[in-house]
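Participant: Got a structure for you, questions after.
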Amino acid sequence: MKVLENISFGIIIVTFVTALVLSFMWKSVPVAAIPTAWLLLPVSGAILYLLIGVHALVLRAFPPSPLFTTLQRGSSIHLPRKSQGFVTGKAAESTAWGLILVGLIVGAFFAVFAWSAWTVNWAILTPMITVLGVLMGVVIAVGIVGSMIFSIYQKVFKSR
Numbered sequence: 003m004k005v006l007e008n009i010s011f012g013i014i015i016v017t018f019v020t021a022l023v024l025s026f027m028w029k030s031v032p033v034a035a036i037p038t039a040w041l042l043l044p045v046s047g048a049i050l051y052l053l054i055g056v057h058a059l060v061l062r063a064f065p066p067s068p069l070f071t072t073l074q075r076g077s078s079i080h081l082p083r084k085s086q087g088f089v090t091g092k093a094a095e096s097t098a099w100g101l102i103l104v105g106l107i108v109g110a111f112f113a114v115f116a117w118s119a120w121t122v123n124w125a126i127l128t129p130m131i132t133v134l135g136v137l138m139g140v141v142i143a144v145g146i147v148g149s150m151i152f153s154i155y156q157k158v159f160k161s162r
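Sequential numbering of the sequence shown, starting at 3, is according to our numbering.
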């Protein structure tokens, strides 16, 4: 499983480099290729999340490999909560199923988004852009307000 996870991580890197190269070569590539390449980046990440989730289910331990903690540390999204560390049993299974569910939802959403960008299907693109815009707006707003509340909470209870 670790080999598959590392291959999947390599696919993420290749997808990123391909999208970057296509962006720089914008005059000589089809117009739809650039957004499609960038929209395939979260799809390749979702594949890795699915593999990590399956690996955790098989082992009944989470995280199943150091790759997940490395990716989590490099993430720009830091949730204000205590890290769960290494867990086994039911807690590991529920975390793995949650990771698989998130991977499937994100992967399917961005795969459909990439396909509709490649085929320039405005009937699908318009609602997808709306959903993504609303989700980003809500997540960013909730993140900012949540961070402010958490910061105030820490200051109030640390001063006591």
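Idealized CB from N, CA, C, for every residue including glycine.
At the level of alpha carbons, what is the spacing between Leu24 and Pro37?
Facilitator: In this structure, the alpha-carbon of Leu24 lies about 9 Å from that of Pro37.
Participant: How many Å lie between Ile9 and Ala119 at the Cα?
Facilitator: 26 Å
Participant: Do you know whose CA, among Ala35, Leu137, Leu127, Gly12, lies nearest Leu69's CA?
Facilitator: Out of Ala35, Leu137, Leu127, Gly12, Gly12 has the C-alpha closest to the C-alpha of Leu69.
Participant: Name, in chain order, the residues that DSSP records as bridge partners for Ala63.
Facilitator: Thr90
Participant: Just to confirm my understanding: we take Glu95, look at its own chain, exclude 5 residues before and 5 after, and list those with CB closer than 7 Å. What are they?
Facilitator: Leu59, Arg62
Participant: So, using beta-carbon positions, are Val104 and Tyr155 closer together than 8 Å?
Facilitator: no
Participant: When we look at the beta-carbon of Gly47 and count the other beta-carbons within 10 Å, is it buried (16 or more) or exposed?
Facilitator: buried
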